[in-house]
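Residue numbers (the numbering used here): 1 to 604.
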């Protein structure tokens with residue numbers, strides 16, 4: 001079942017994926033042929049189901065397209081010769097129309113060579129399909145995704161980039177698969193920073209109506225310095241927080257001024273980044289303020305929270321450190337104030353009860369892993385989250401500078417996100433002017449915007465999200481290697497091919513002949529798109545899609561080098577088939593980049 005869903009390129013309708021990829025193959029190939037009495041379940045070959053493994057793509061045509069190593073794994077457990085086991089499996093498989101050859105190699109590898117006619121027919125269907133032959137899931141889930149979530153009252157900085165673009169890419173993928181995605185931008189619009197700002201306004205007599213975002217940034221730094229240096233000021237700021245939480249009209253009016261400026265700035269960044277977050281997706285900490293006393297009351301009623309020196313904390317048996325010491329979650333301070341954990345619990349309860357989430361994904365810094373474990377465990381212990389609802393902390397690492405330290409300005413300060421994006425566009429503009437001076441000014445500006453922003457995003461998305469990565473301008477803006485400019489150029493090159501052919505990519509129809517090995521390898525790579533998209537939807541790792549697109553573009557470049565398309569002497573049927581391959585490649589590249597939130601270009 002798993003093999004068919006991820007790897008079979010010949011089914012016009014894919015089976016529905018399970019919530020998680022199974023670790024065994026129960027019926028290898030069986031669903032495809034059961035209607036006609038085809039392949040026999042592997043258990044018939046005498047191999048226990050638990051020993052079966054997922055076939056792997058070989059990447060080396062001489063060893064077939066797929067390789068199954070189950071015989072080697074089963075030999076030791078069964079006390080039999082692996083080649084005998086492999087032979088028994090092969091004898092019980094009927095792969096007519098799926099594989100043109102199956103062979104046993106070495107000590108018992110089963111090499112599967114896919115049928116070229118079946119591959120060609122699958123490419124034809126893919127090109128004719130508006131969804132690239134990727135059917136929407138038949139049992140869509142309601143998925144709530146928490147991402148971006150900047151703290152307001154100051155400008156967004158580079159630390160907000162990863163959550164914003166990784167979460168957005170996964171949201172786009174899940175929507176494309178047919179799931180109902182609810183975006184939640186859980187902004188920090190409540191808490192101590194606003195008490196500081198109100199206290200600073202009161203102390204300095206500043207006209208809040210005249211504040212602009214740039215002023216607010218400097219004003220915040222001024223208030224923070226005052227807070228750190230003056231204990232009396234710090235206490236007054238904390239009292240303003242309590243007043244704000246209690247609904248004081250004057251504090252609320254000043255707070256709303258800060259929030260409006262910050263949200264306007266955030267929305268401008270989202271538009272520049274080409275992410276799909278909208279103002280309506282914003283639901284900040286303040287939205288849960290009235291619910292916080294009830295959260296604490298319910299936890300106390302359930303026997304989960306207890307007082308400790310005036311504060312209320314949740315102790316759970318599963319939340320301990322390596323030495324068995326408890327790691328409690330504080331939900332209310334001794335002065336009556338609430339904490340991030342309390343708000344996060346209220347938000348999670350809201351997402352389950354009001355938003356009816358069936359799956360919750362949180363794209364939050366890896367340094368918050370313990371906090372998220374505490375929140376998830378507490379919410380489940382309180383009975384707020386049904387057992388079947390998945391709670392997943394999609395942690396990510398840190399963006400580092402070329403020196404391997406957290407990314408900073410030369411002066412050691414925090415890099416504003418808008419400055420980083422502007423620098424990317426400016427660098428791309430210089431590159432575009434150098435490489436293609438014939439473009440008009442407007443065209444150069446459009447290309448620079450797409451290439452610069454795409455380069456920033458792809459450099460991040462192409463890394464495994466759990467890892468740290470080093471920021472490198474030269475690498476990310478390169479037109480060689482696994483970069484956005486390389487993929488954007490591959491797409492533009494195909495568009496140029498169709499302009500010269502005076503044909504439309506979308507209307508290109510026919511069936512490739514796949515006579516050349518480069519054609520065949522390109523077809524196989526195209527048909528893996530379905531597998532990769534579903535994998536990103538299940539696991540939440542966009543780098544898997546990036547790696548796939550890079551491999552696809554590389555396959556196309558090899559195909560284009562070895563298989564003439566428009567040159568004289570190419571037979572009409574062969575020309576049509578190769579145009580179909582090129583069109584399908586462009587469509588997959590375009591859709592893949594769109595799922596990553598990166599623009600494509602017809603001309604570069």
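Backbone N, C-alpha and C fix where the C-beta goes; we use that ideal spot for every residue, glycine too.
Bear in mind the structure is a predicted one, so any value in this text is a computation, not a measurement.
Check, Outcome
"Status (buried if at least 16 other CB within 10 Å, exposed otherwise) for residue 426", "exposed"
"Top-ranked residue by Cα proximity to residue 79, from 47, 531, 284 and 433", "47"
"Boundaries (first-last residue) of the alpha helix (DSSP H) holding residue 344", "340-353"
"Beta-carbon gap between residue 465 and residue 166 smaller than 8 Å", "yes"
"The segment 335-353 contacting the segment 375-393, beta-carbon criterion three pairs below 8 Å", "yes"
"Residue 563 to residue 119 span [Cα, whole Å]", "18 Å"
"Counted within 10 angstroms of its Cβ, other Cβ atoms place residue 133 as buried (16 or more) or exposed", "buried"
"For residue 164 and residue 361, the rounded distance between their alpha carbons", "13 Å"
"Exposure of residue 482, with buried meaning 16 or more beta-carbon neighbours within 10 Å", "buried"
"Test item: CB-CB of residue 398 and residue 468 under 8 Å", "yes"
"Residue from 474, 258, 565 and 296 with nearest C-alpha to residue 423", "474"
"Whether residue 66 touches residue 56 by CB criterion (8 Å)", "yes"
"Three-state class that DSSP yields for residue 332 in the structure shown", "strand"
"Beta-carbon separation (whole angstroms), residue 595 vs residue 491, contact threshold 8 Å", "Actually they do not touch by this definition, with Cβ atoms about 14 Å apart."
"Same chain only: Cβ atoms within 7 Å of residue 591, ignoring 5 sequence neighbours per side", "132"
"Host beta strand (DSSP E) of residue 109 (start-end)", "109-114"
"Residue 405: first and last residue of the uninterrupted alpha helix (DSSP H) it sits in", "Here residue 405 belongs to no alpha helix (DSSP H), and DSSP marks it neither H nor E."
"The beta strand (DSSP E) enclosing residue 139, as first and last residue numbers", "Where residue 139 is concerned, there is no enclosing beta strand (DSSP E), given that its DSSP letter is neither H nor E."
"Residues that DSSP places opposite residue 103 in a beta bridge", "111"
"Neighbourhood of residue 599 by C-beta, 7 Å cutoff - its chain only, sequence neighbours within 5 removed", "274, 450 and 454"
"Cβ pair residue 97, residue 71 closer than 8 Å", "no"
"Reference residue 297, options 232, 547, 87 and 382, closest by Cα", "382"
"Candidates 452, 101 and 327, of which the one nearest residue 63 by Cα", "101"
"Backbone secondary structure at residue 508 - three-state DSSP", "coil"
"Neighbourhood of residue 82 by C-beta, 8 Å cutoff - its chain only, sequence neighbours within 5 removed", "71, 72, 74, 75, 107 and 108"
"DSSP state of residue 308 mapped onto helix, strand, coil", "strand"
"Sequence-distant residues of the same chain with beta carbon closer than 6 Å to residue 511, five excluded per side", "120 and 124"
"At least three beta-carbon pairs within less than 8 Å, the segment 497-508 to the segment 517-536", "no"
"CB of residue 279 within 8 Å of CB of residue 263, strictly", "yes"
"Touching by the beta-carbon criterion (3+ pairs, under 8 Å), the segment 431-442 and the segment 398-418", "no"
"Closest by C-alpha distance to residue 161, when choosing among 154, 148, 581 and 462", "148"
"In DSSP terms, what residue 534 is bridged to", "Per DSSP, none; premise fails for residue 534."
"8 Å contact criterion, which residue 585 and residue 552 should meet: CB distance rounded", "7 Å"
"Whether residue 284 touches residue 189 by CB criterion (8 Å)", "yes"
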